[in-house]
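Q: Sending over a structure as structure tokens; questions will come in a sec.
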Amino acid sequence: MGMLYKEQLDIELQNLEADIYWDKERKKALHLKLKDQVKGHKKRRKPLQPLPFVAIMAAAAILFLFTRIESPLFQKGEEQNAVADREVDHGESVIITVEDQKKVESKTTVFLSDEAMLPYTLNPKILSSIKRAGEPKISARKVKDSIIVNAEYPLKDGNYLSIHTEKKQNNVQGNNINSVIKKEQSLTVNNKQAVLVREETEPKLIIRTNRYQYTISGMKEENDLIRVAEMIHFK
Amino acid sequence: MEKEKDEIILEWYEKFGEAIFKYIFMMIHDYQQAEDLTNETFLKAFIHLDTFKSQSTEKTWLYRIAHNLTVDMIRKKKPLILIKEAFLLKKDEEPLPEEIVQIKEQSLDLYHALSKLKQTYREVIILRKLKEFSIEETAVILGWSESKVKSTLFRAIRALEKELKKEGEVNGNVI
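Chains as they are written, first to last, in my numbering: chain D, 16 to 250; chain R, 1094 to 1268.
Set out below in structure tokens:
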């Protein structure tokens, strides 16, 4: 009897594996994501590959010699560099206060920056091409005294609606590279200057304010990008 | 060589991706994180493919990576869960993940009973009984001795039977 029970349990355990079903679209989406990552990884490594070992060694030796020369001129230069480094380092050693944490962890709004907020639950009724599949993933960083947040809303098709916030760059025209291939269109959205970039795979919308730049991507429909941009509440 | 590497990994994903996702999902019961960890497993395999020695099979190697990532995640997640409980007052109003991961009704009791076991018990049962790895392979994946696999599995099955009995008493079912 005990033996029979054990055998039956074994069979049921084996069946459990088959009885769990994972959505095929999600599996496919993960496959595509992995493919992109693997390709991206290869691209990042490529520039180093043509450099011969000897050239790297020679460059390292020259660098070593430079750092070893002890002249007042070089020391002065070092001091200046040190000051510059300290300034640059501002964004790396930061204190996250309880207030900061509360802002980021709010469940009614997504804090993008000190001037922009987005409703935590995007209004799905006015977004035709997306179906959300969970809570947004929030990742926050502090640059000088400003909290900057990226938000990724998981979608049912395995993609992510992404809002990426960064300190404003000098040029808002996409990357300004391949502008012939990419089609860019200037717009005014939510009373802010914006650029709609039509890339090969999917469009993205970049909104620029005086201090920040917000990039919205992950949706096929350009109108939906604009609708999400219109949901951002600017102070 | 690089081209071969990504072809290998994508091929392995096709072959083992779903099984590894299910293994991680049964360990952490969170489909989003299970997808993230499945992705990370294959990405890590791609990065470290040169270190893969054919002493174990690729399947065992991938499960070992998945096991390490999952255990790491569980360790890191523990304090986070406490913080989350303290901070997050509002519950998720999003649709349940049933459309993404489904479990047939006939296996639900077993799934729930399994999820109530402690992590080591759950994992050894999944690897030996669901995934049907040998004792030797299970020992490689978990980084245990073979005798530890045997003794832990014995105790794990007893604990599972106990859980099922409890559930049977509650639901009025008998296996």
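Glycine is no exception: its CB is placed at the ideal position from the N, C-alpha and C atoms.
The structure presented is a predicted model; accordingly, all values stated were derived computationally and were not measured.
Let's test the definition: count the other Cβ atoms within 10 Å of the Cβ of HIS1160 of chain R and tell me whether it reaches 16, buried, or not, exposed.
A: Position 67 of the second sequence, counted from the first residue, corresponds to residue 1160 of chain R. Buried: at least 16 other Cβ atoms inside 10 Å.
Q: What is the rounded straight-line gap between the Cα of ALA209 of chain D and the Cα of VAL164 of chain D?
A: Within the first sequence, residue 209 of chain D is the residue found at index 194, counting from 1. Within the first sequence, residue 164 of chain D is the residue found at index 149, counting from 1. Cα to Cα, the separation comes out at about 19 Å.
Q: Assuming contact is defined by CB atoms lying nearer than 8 Å, are ILE1102 of chain R and VAL53 of chain D in contact in what I supplied?
A: Taking the first residue of the second sequence as 1, we reach residue 1102 of chain R at position 9. Taking the first residue of the first sequence as 1, we reach residue 53 of chain D at position 38. Contact: yes.
Q: Around the Cβ of ILE141 of chain D, are there at least 16 other Cβ atoms within 10 angstroms (buried) or fewer (exposed)?
A: Taking the first sequence and counting its residues from 1, one reaches residue 141 of chain D at position 126. So ILE141 of chain D counts as exposed.
Q: Pull up the CB-CB distance for ILE35 of chain D and ILE1196 of chain R, whole angstroms please, since I reckon it's below 8 Å.
A: Here residue 35 of chain D corresponds to residue number 20 of the first sequence, with the count starting at 1. Here residue 1196 of chain R corresponds to residue number 103 of the second sequence, with the count starting at 1. Confirmed, about 5 Å.
Q: Please report the straight-line C-alpha distance between LEU47 of chain D and ALA1112 of chain R, rounded to a whole angstrom.
A: Here residue 47 of chain D corresponds to residue number 32 of the first sequence, with the count starting at 1. Here residue 1112 of chain R corresponds to residue number 19 of the second sequence, with the count starting at 1. Rounded to whole angstroms, LEU47 of chain D to ALA1112 of chain R spans 18 Å at the Cα level.
Q: Quick one: using the 10 Å Cβ neighbour count with 16 as the cut-off for buried, is LEU1175 of chain R buried or exposed?
A: Locating residue 1175 of chain R in the second sequence gives position 82, counting from the first residue. The predicted model places LEU1175 of chain R with a pLDDT of 45, which falls under 50 and marks its position as unreliable, so this point remains unresolved.
Q: Just mark GLY1236 of chain R as buried or exposed, buried being the case when its beta carbon has 16 or more other beta carbons within 10 Å.
A: Taking the first residue of the second sequence as 1, we reach residue 1236 of chain R at position 143. Under this definition GLY1236 of chain R is an exposed residue.
Q: Can you pull out the residues from the stretch 1206–1221 of chain R whose beta carbon lies closer than 8 Å to at least one beta carbon of chain D?
A: Per Cβ criterion, the list reads LEU1207, ILE1218.
Q: Should TYR20 of chain D be labelled buried (16 or more other beta-carbon atoms within 10 Å of its own) or exposed?
A: Walking along the first sequence from the start, residue 20 of chain D turns up at place 5. TYR20 of chain D should be labelled exposed.
Q: ARG1221 of chain R: buried (16+ other C-beta within 10 angstroms of its C-beta) or exposed?
A: For the purposes of this step, residue 1221 of chain R is identified with residue 128 of the second sequence, where counting begins at 1. So ARG1221 of chain R ends up on the buried side.
Q: Give the range of the beta strand (DSSP E) segment to which GLU1225 of chain R is assigned.
A: The residue you call residue 1225 of chain R lines up with position 132 of the second sequence. Where GLU1225 of chain R is concerned, there is no enclosing beta strand (DSSP E), given that its DSSP letter is neither H nor E.
Q: Name the residue from D:LEU45, D:LEU24, D:GLN29, D:LEU31 whose alpha carbon lies nearest to the alpha carbon of GLU1107 of chain R.
A: Here residue 1107 of chain R refers to the residue found at position 14 of the second sequence. The candidate whose alpha carbon is nearest that of GLU1107 of chain R is D:LEU45.
Q: Taking ASN1132 of chain R as the query, report the chain D residues whose CB atoms sit under 8 Å from its CB, ordered along the chain.
A: Position 39 of the second sequence, counted from the start, is the residue given in the question as residue 1132 of chain R. Residues of chain D passing the Cβ test: LEU45, LYS48, LEU49, GLN52.
Q: Which two residues bound the contiguous beta strand (DSSP E) that contains LEU133 of chain D?
A: Numbered from 1 along the first sequence, position 118 holds the residue referred to as residue 133 of chain D. Run containing LEU133 of chain D: 131–134, per the beta strand (DSSP E) assignment.
Q: Report the residues of the stretch 138–171 of chain D with a CB closer than 8 Å to any CB of chain R, ordered along the chain.
A: Going along the stretch 138–171 of chain D in chain order, one finds ARG147, ALA148, GLY149, GLU150, PRO169, LYS171 with a Cβ nearer than 8 Å to chain R.
Q: Around the Cβ of LEU88 of chain D, are there at least 16 other Cβ atoms within 10 angstroms (buried) or fewer (exposed)?
A: Translated into the one-based positions of the first sequence, residue 88 of chain D becomes position 73. At LEU88 of chain D the pLDDT is 44, less than 50, meaning the model places this residue with poor confidence; the figure from the coordinates comes in the next sentence. The residue is exposed, with fewer than 16 neighbouring Cβ atoms inside 10 Å.
Q: Please state the DSSP three-state secondary structure of LYS1197 of chain R.
A: The residue you call residue 1197 of chain R lines up with position 104 of the second sequence. Reduced to three states, the DSSP call for LYS1197 of chain R is coil.
Q: Using the Cβ count rule (16 or more neighbours within 10 Å means buried), how would you classify ASP51 of chain D?
A: As a first step, residue 51 of chain D must be located in the first sequence, where it is residue number 36. Looking at its Cβ environment, which holds fewer than 16 other Cβ atoms inside 10 Å, ASP51 of chain D is exposed.
Q: To the nearest angstrom, how far is it from the Cα of ASN96 of chain D to the Cα of PHE1139 of chain R?
A: Taking the first residue of the first sequence as position 1, residue 96 of chain D is located at position 81. Taking the first residue of the second sequence as position 1, residue 1139 of chain R is located at position 46. Unreliable placement is indicated for ASN96 of chain D, whose pLDDT of 42 sits below 50; no coordinate value is reported for it.
Q: With distance defined between alpha-carbon atoms, name the residue in D:GLN228, D:LEU202, D:GLY55, D:THR136 nearest to GLU167 of chain D.
A: Along the first sequence, one-based indexing puts residue 167 of chain D at 152. Cα-wise, what sits closest to GLU167 of chain D is D:THR136.
Q: Taking buried to mean at least 16 other C-beta atoms within 10 Å of its own C-beta, is ASP239 of chain D buried or exposed?
A: Indexing the first sequence from 1 puts residue 239 of chain D at position 224. The residue is buried, with at least 16 neighbouring Cβ atoms inside 10 Å.
Q: Beta carbon of ILE1121 of chain R, beta carbon of THR1163 of chain R: below 8 Å?
A: In the second sequence, counting from the first residue as 1, residue 1121 of chain R sits at position 28. In the second sequence, counting from the first residue as 1, residue 1163 of chain R sits at position 70. Their beta carbons are under 8 Å apart, which means ILE1121 of chain R touches THR1163 of chain R by this criterion.
Q: Checking contacts by CB at 8 Å: is ASP1165 of chain R closer than that to chain D?
A: The count along the second sequence starts at 1 and reaches residue 1165 of chain R at position 72. It does not: the Cβ of ASP1165 of chain R has no partner Cβ on chain D nearer than 8 Å.
Q: Does the distance from the CB of GLN228 of chain D to the CB of GLU199 of chain D come in under 8 Å?
A: In the first sequence, residue 228 of chain D corresponds to position 213, counting from 1. In the first sequence, residue 199 of chain D corresponds to position 184, counting from 1. No, the Cβ-Cβ distance between GLN228 of chain D and GLU199 of chain D is not below 8 Å.
Q: Give me, in chain order, the residues of the same chain whose beta-carbon lies closer than 8 Å to that of GLU32 of chain D; leave out the 5 immediate sequence neighbours on both sides.
A: The residue given as residue 32 of chain D occupies position 17 in the first sequence. None.
Q: Please identify, using Cβ separations under 8 Å, the residues of the stretch 24–46 of chain D that lie next to chain R, in order along the chain.
A: Result list: LEU24, ASP25, GLU27, LEU28, GLN29, ASN30, LEU31, GLU32, ASP34, ILE35, TYR36, TRP37, ASP38, ARG41, LYS42, LEU45, HIS46.
Q: If you measure between the beta carbons of MET173 of chain D and GLU40 of chain D, is that distance less than 8 Å?
A: Taking the first residue of the first sequence as 1, we reach residue 173 of chain D at position 158. Taking the first residue of the first sequence as 1, we reach residue 40 of chain D at position 25. Inspection of the sequence shows that residue 173 of chain D is occupied by Gly rather than by Met. Going by C-beta atoms, GLY173 of chain D is nearer than 8 Å to GLU40 of chain D.
Q: Determine the chain D residues that contact GLY1110 of chain R at a beta-carbon separation under 8 Å, and present them in chain order.
A: The residue labelled residue 1110 of chain R in the question sits at position 17 within the second sequence. Correct list: LYS42, LEU45, HIS46.
Q: Would you kindly check if the distance between the Cβ of GLN1126 of chain R and the Cβ of GLY149 of chain D is under 8 Å?
A: Residue 149 of chain D sits at position 134 when you count from the first residue of the first sequence. Residue 1126 of chain R sits at position 33 when you count from the first residue of the second sequence. No; because the gap between Cβ atoms is not below 8 Å, this pair is not in contact.
Q: Which residue's Cα is closest to the Cα of ARG213 of chain D: D:ASN225, D:ASN205, D:THR203, D:ILE231?
A: Numbered from 1 along the first sequence, position 198 holds the residue referred to as residue 213 of chain D. Ranking D:ASN225, D:ASN205, D:THR203, D:ILE231 by Cα distance to ARG213 of chain D puts D:ILE231 first.
Q: Pull the bridge partners of GLU199 of chain D from the DSSP assignment, please.
A: If you number the first sequence from 1, residue 199 of chain D lands on position 184. GLU199 of chain D pairs with D:VAL212.
Q: Output the boundary residues of the beta strand (DSSP E) element that contains ILE1218 of chain R.
A: To locate residue 1218 of chain R, count along the second sequence from 1; it is residue 125. Where ILE1218 of chain R is concerned, there is no enclosing beta strand (DSSP E), although the alpha helix (DSSP H) it sits in stretches over 1212–1218.
Q: Taking only beta-carbon atoms, is GLU1256 of chain R less than 8 Å away from chain D?
A: If you number the second sequence from 1, residue 1256 of chain R lands on position 163. Cβ-Cβ to chain D under 8 Å: no for GLU1256 of chain R.
Q: Less than 8 Å between C-beta atoms, sequence neighbours within five positions excluded: which residues of the same chain meet that for SER143 of chain D?
A: Start at 1 with the first residue of the first sequence, and residue 143 of chain D comes out as number 128. So the list reads GLU236, ASN238, ASP239, once near-sequence residues are dropped.
Q: Pick helix, strand or coil for PHE126 of chain D, following the three-state DSSP scheme.
A: As a working mapping, residue 126 of chain D is identified with position 111 in the first sequence. Correct three-state label for PHE126 of chain D: strand.
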